[in-house]
Structures are given as structure tokens and as C-alpha cells.
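Colleague: Okay, here's the structure, questions in a sec.
Numbering (the numbering used here), first residue to last: 782 to 961.
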């Protein structure tokens, strides 16, 4: 469990789950020393008109750790994750991966650094298939077009790893709430 420096986060069950994707260069994982941070956010601050959403927030993650951000509405959980995922930019602060500073200006920058965010609110495109939703923004390309067969295979393989039985060619609108 992690907390935002100086802010109360333990009075609400709202949580935001995020992960550092396996798509990071695999050799990075083996070079990590247990004392080294995989990801650090230092001195992150963000203001909106009339509101100081985050003030000097620090977050440190080591490889293999699982974290949940919990807190009251307005505590800054979503804002911090939106900064990490590139949806918004911080007014102040720095982000590091393995002690190297990185700049995240947009979601594409975050994905290229191996960072993806799964928000509490579902953001699925109901008219698209399961595999299209999973790889949205990361489509497989072949000969200048989208390689739908490769995308289906990738998602089928990943779903099998977790033991789920979800039809990857089904439209999201056809799935049950649990399947979504």
C-alpha cells in the first residue's frame, strides 16, 4: 500500500490499479537490484483553477511489488495516475525509471516507457471486439495495414495465461459485466 505524502488516503474503498507493463525491455528486470526503485515519482505537484490537487507527492515502486492507492474523493489518486500515464502533466516534479529521468507528455510517451494504467472506470469501446480493445493504440501492423490475425492470437494467448474464457472476437457489447 502506498500513500501520497501529507495526504490522507485511507478512508475510501476507491482504488486505482496500475502496472508497469511487461513490455519493458525484459533484460531490465534481471538487472534490478532489490534496493533499486523501478519507478519513482518525486515532488509531484498539480493545481487546477482554485484547487491544489497534489502537493509534493512522492511514490516509489520496486520490481515485483503490487500497490493500491486508496483514499477519499479528491485526495489526488486519479490525478497522480493521470500524470504517470500521460493524460495530464505535472506542474512540478520528476519521474524516474531505474534512476533515469523520463518525460511523459502524453499516453504514447508512457506506453513507450512501459507504463500503462487501468482506471477504475471502464473505458471500453462497446462496438469493437475484445482483442481490438485490448490492443487499442498498440495495433499490430503488416504491409501498411492492421494485422487482425496477429492481434487475435496475442490476446487469445494472454487470456489463456490467466485461465479466462472470453471470446476475443466478440464485441464488447456482447460480454457480461464480469467478462468486461
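Every residue gets a Cβ at the ideal spot worked out from N, C-alpha and C, and that includes glycine.
So, are the CB atoms of residue 858 and residue 819 less than 8 angstroms apart?
Modeller: Residue mapping note: residue 858 aligns to position 77 of the chain shown, counting from 1. Residue mapping note: residue 819 aligns to position 38 of the chain shown, counting from 1. No.
Colleague: My assumption, with CB atoms under 8 angstroms, is that residue 909 sits in contact with residue 876. Please give the rounded CB distance.
Modeller: Mapped onto the chain shown, residue 909 falls at position 128. Mapped onto the chain shown, residue 876 falls at position 95. About 31 angstroms; that fails the 8 angstroms criterion.
Colleague: Give the straight-line distance between the Cα atoms of residue 955 and residue 906, rounded to the nearest whole angstrom.
Modeller: Here residue 955 is taken as the residue at index 174 of the chain shown, counted from 1. Here residue 906 is taken as the residue at index 125 of the chain shown, counted from 1. Each residue's alpha carbon lies about 12 angstroms from the other.
Colleague: Comparing alpha-carbon positions, which option in 923, 926, 919 and 915 lies nearest residue 948?
Modeller: Here residue 948 refers to the residue found at position 167 of the chain shown. Comparing Cα positions, the closest option is 915.
Colleague: Do you know how far the Cα of residue 950 is from the Cα of residue 940?
Modeller: By 1-based counting over the chain shown, the position of residue 940 is 159. By 1-based counting over the chain shown, the position of residue 950 is 169. Cα-Cα distance, rounded: 12 angstroms.
Colleague: Quick check: is the beta carbon of residue 888 nearer than 8 angstroms to any beta carbon in chain B?
Modeller: Although the question refers to chain B, the structure presented lacks it and comprises just one protein chain.
Colleague: Report whether the distance from the Cβ of residue 874 to the nearest heavy atom of the ligand FMN is below 7 angstroms.
Modeller: The ligand content of the structure shown is nil, which means the ligand FMN is not present either.
Colleague: Going by other Cβ atoms of all chains shown within 10 Å of its Cβ, with 16 needed for buried, is residue 930 buried or exposed?
Modeller: Looking up residue 930 in the chain shown gives position 149. Exposed is the call here.
Colleague: Would DSSP call residue 822 helix, strand or coil?
Modeller: Looking up residue 822 in the chain shown gives position 41. Of the three classes helix, strand and coil, the one that applies to residue 822 here is strand, per DSSP.
Colleague: For residue 863, is the classification buried or exposed, using 16 other Cβ atoms within 10 angstroms of its Cβ as the cut-off for buried?
Modeller: Start at 1 with the first residue of the chain shown, and residue 863 comes out as number 82. Buried: at least 16 other Cβ atoms inside 10 Å.
Colleague: How long is the line joining the alpha carbons of residue 867 and residue 924, rounded to whole angstroms?
Modeller: Translated into the one-based positions of the chain shown, residue 867 becomes position 86. Translated into the one-based positions of the chain shown, residue 924 becomes position 143. The alpha-carbon atoms of residue 867 and residue 924 are separated by roughly 30 angstroms.
Colleague: Please check the pair residue 884 and residue 865, which I expect to be a contact at CB under 8 angstroms, by giving their CB distance rounded to whole angstroms.
Modeller: Counting from one through the chain shown, the residue named residue 884 turns up at place 103. Counting from one through the chain shown, the residue named residue 865 turns up at place 84. Not a contact, Cβ separation roughly 12 angstroms.
Colleague: Mapping the DSSP letters down to three states, classify residue 911 as helix, strand or coil.
Modeller: Start at 1 with the first residue of the chain shown, and residue 911 comes out as number 130. In the structure shown, residue 911 sits in a helix (DSSP, three-state: H, G or I).
Colleague: Mind checking whether residue 860 and residue 891 have CB atoms under 8 angstroms apart?
Modeller: As a working note, residue 860 is residue 79 in the chain shown. As a working note, residue 891 is residue 110 in the chain shown. Taking 8 angstroms as the Cβ cut-off, residue 860 and residue 891 do not qualify as a contacting pair.
Colleague: Classify residue 870: buried if its beta carbon has 16 or more other beta carbons within 10 angstroms, exposed otherwise.
Modeller: One-based indexing of the chain shown puts residue 870 at position 89. So residue 870 counts as exposed.
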